[in-house]
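Following: one structure in structure tokens, then a few remarks.
Pasting the structure below:
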């Protein structure tokens, strides 16, 4: 008998947390985070991490458990997430995976093998020198020219992932992209995608950034930077953290950093929707304008 799995996905700022907790309370569920930055301790305001009060005593997994200087791969996520899905099912509860990191979610709902290519320090040194001389944007464009699919997968500011992608492309190994969209049938699966009018979504994102600043986001980044966590760590690649760090280092004005944070967040939301829009199994729902009753009825039919 297949294990149950409900997934709630969608762009940043759409309201995944609120809906997931509402569903968890109604259907005896536990939540598994699928966000590549909410995994890190201390990265709270800038990632929109759920607070203890917001959890309303619903158990949450794979959130706020990793030290900021640690690295964490998609394969690490897949292994831990599968364990949690089985554990939650074994307790007679409904596992609810929630997040917007496409690779994390795809590692569960598709069959694709993880790249096993070892690090190439010499080539990485060449790429670092290339970035210093030509800029990260130039390397990003080079990467996309070699594999256009990566444009939807990797943020233009994510130096770590751009370098890793170039390293894989340079290895000459056969890429797994042709298998990337091969659906698996491992779970009794229901995926809910959240979306709303694009202008409304972008306005919510802009206001969310303003609220983060009011809640002390800059102080959060100051604290992390004082701990020795800078742009060289994977954890500091999240949108907003890099921009605030540039401000703290005197490289840009605060207003510029905030504007870029909003712009990159909107761009990221657009890429998330493009990414998830390819999967025809997703049942799309507008949490701002649609009645939840129909969604609840579909969950009831699927799992109970």
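Numbering (our numbering), first residue to last: 891 to 1194.
Don't be surprised by glycine CBs; every beta carbon is placed ideally from N, CA and C.
These numbers were taken from a predicted model, which means no experiment stands behind them.
For residue 1033, same chain residues with a beta-carbon under 8 Å away, outside a window of 5 residues either side, are 1040, 1044, 1052, 1055, 1056, 1059 in chain order.
Residue 1038 counts as exposed, since fewer than 16 other C-beta atoms from the protein chains shown sit within 10 angstroms of its C-beta. Secondary structure of residue 1080 (DSSP, three-state): strand. The alpha-carbon of residue 1078 is positioned some 8 Å away from that of residue 1193. Bridge partners of residue 987 according to DSSP: 897, 922. The closest CA to that of residue 1009, considering only 1050, 1020, 959, 976, is found on 1050.
In chain order, 1081 place their CB closer than 6 Å to the CB of residue 1171, counting only its own chain and leaving out the 5 sequence neighbours on each side. With a beta-carbon spacing of about 6 Å, residue 1111 and residue 1131 fall inside the 8 Å limit used to define contacts. Residue pairing by DSSP places residue 956 opposite 930 in a beta bridge. At a Cβ-Cβ threshold of 8 Å, residue 902 and residue 1092 do not count as neighbours. Residue 986 sits away from residue 926, with the two beta carbons spaced by 8 Å or more. Between the alpha carbons of residue 1020 and residue 1014 lies a gap of roughly 10 Å. As the crow flies, the alpha-carbon of residue 976 is around 10 Å from that of residue 984.
It is roughly 18 Å from the alpha-carbon of residue 932 to the alpha-carbon of residue 1138. Only residues of its own chain outside the window of five on either side were considered, and among them 1029, 1053, 1056 have a CB closer than 7 Å to the CB of residue 1017, listed in chain order. Scanning the region 1125 to 1183 from its first residue to its last, the whole beta strand (DSSP E) runs of 3-plus residues come out as 1172 to 1175.
Distance between residue 896 and residue 1124, taken at the CA atoms: about 28 Å.
Residue range 1011 to 1024 is occupied by the alpha helix (DSSP H) that includes residue 1015. For the options 995, 944, 935, the alpha carbon positioned closest to that of residue 964 is the one of 995.
Check the Cα spacing between residue 1026 and each of 1104, 1036, 1046: the tightest is with 1046. Close CB contacts of residue 918 within its chain, under the 8 Å cut and outside five residues either way in sequence, are with 982, 983, 984 (chain order). Residue burial annotation: residue 1036 is exposed, with fewer than 16 other C-beta atoms found within 10 angstroms of its C-beta.
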